[in-house]
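Below: one structure, written as structure tokens.
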Amino acid sequence: MDDVINVSGHRLGTAEVEDVMMEHPEVSETAVVGCPHALKGETIFAFLVQIRLSIEQIAPALPKTRSGKIMRRLLRQIAKGNLEDLGDTSTLADPAAVETVLKLYRQMPVKPTS
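The opening position of the sequence shown corresponds to residue 20 in this note's numbering, with each subsequent residue numbered one higher.
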């Protein structure tokens, strides 16, 4: 998958967006993925770790492989609302991290539109 998100014709690198979000003192980890949007083509969907409720929901960790790589493929599926079939999770280090992210996604009052 490409780590560039095309929002209304503007190409945004996920790493650059994550770097900006990491500047906030309450954020310890981020992962940004593209999410389909009816008007803009794609929109940014951000997952943040160890932040206060004043920003958004709290997740203790992002889903990672046993080697420590963030499983962006799973996060893309969640951001798109594909919660039932996340695909292969055999390399997942901590299945509880995915369950927590899914739980928080389901609790979101507003979900991305496609």
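Glycine included, each C-beta is placed from N, C-alpha and C at the ideal position.
Remember, it's a predicted structure, so these values are computed and weren't measured experimentally.
In whole angstroms, what separates the C-alpha of residue i from that of residue j?
i	j	result
I63	L121	18 Å
V68	T33	16 Å
A65	V51	4 Å
P131	A98	7 Å
T110	T84	5 Å
Considering only DSSP beta bridges, list what residue i is partnered with.
i	result
T49	L67
H43	None, per the DSSP bridge assignment.
T62	C54
Apart from the five residues just before and just after residue i, which ones in its own chain have a Cβ nearer than 6 Å to its Cβ?
i	result
A116	A80, P82
Does DSSP put residue i in a helix, a strand or coil?
i	result
P128	coil
Counting only C-beta atoms, is residue i closer than 7 Å to chain C at any point?
i	result
V51	As a matter of chain content, chain C is missing from the structure shown, which is built from one protein chain.
- Task: Only counting runs of 4 or more residues, tell me where the alpha helix (DSSP H) segments fall wholly within the stretch 75-110, in order along the chain.
- Result: 91-98
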